[in-house]
Amino acid sequence: MEARMTLCNMAVEAGATSGICAPDATTVAYLWEFIKDEFATKQAALETYRAFAADPDAAYEMVIEHRVDDLTPQTTDGFRPDNVKPVDRMAGTPPPIRSISVHAPTAASKT
6 MEARMTLCNM AVEAGATSGI CAPDATTVAY LWEFIKDEFA TKQAALETYR
56 AFAADPDAAY EMVIEHRVDD LTPQTTDGFR PDNVKPVDRM AGTPPPIRSI
106 SVHAPTAASK T
């Protein structure tokens, strides 16, 4: 579930209006303590949540697949997320310090 939440959050951070992973038994198990009063069984919850999954025969306007096996760590060169460079290209480049902001990366709550 943590990876799914990270993926959905990153979609929004990248400009999407929402990020959705199809709900399944893992989703229900994760949410069960919060939803158990609304459903008689986990299976009943799963049946309801399956309404949010794509139809098995759904046709998509476009499918984009990215291979990230060789993706290197990235950082921003400034304060705008669209100004990204590979970390190894930033080595030895002192940033101009006007102010300092410390931000936790997506899903940083797990330490």
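Residues 6 to 116, numbered by our numbering, are exactly what the sequence shown covers, in order. Ideal Cβ positions, reconstructed from N, Cα and C, are used throughout, including at glycine.
*Residue range of the beta strand (DSSP E) that Val89 falls in?*
89-91
*Can you grab the Cα-Cα spacing for the pair Asn14 / Gly24, in whole Å?*
Answer to the nearest angstrom: the Cα atoms are 7 Å apart.
*Roughly how many whole angstroms lie between the Cα atoms of Ala5 and Arg55?*
The question about residue 5 has no answer here: the residues shown for the chain are numbered 6 through 116.
*Residue from Glu7, Glu66, Phe57, Leu12 whose Cα sits closest to the Cα of Ala27*: Phe57
*Do you know how far the Cα of Ala96 is from the Cα of Lys90?*
Lys90 and Ala96: Cα-Cα distance of roughly 11 Å.
*Where does Gly31 sit, in a helix, a strand or coil, going by DSSP?*
A small fix is needed here, since residue 31 is Thr in this sequence, not Gly. Reduced to three states, the DSSP call for Thr31 is helix.
_So, at 7 Å on beta carbons, what are the nonlocal neighbours of Ile40 in its own chain, with the 5 sequence-adjacent residues on each side left out?_
Ala50
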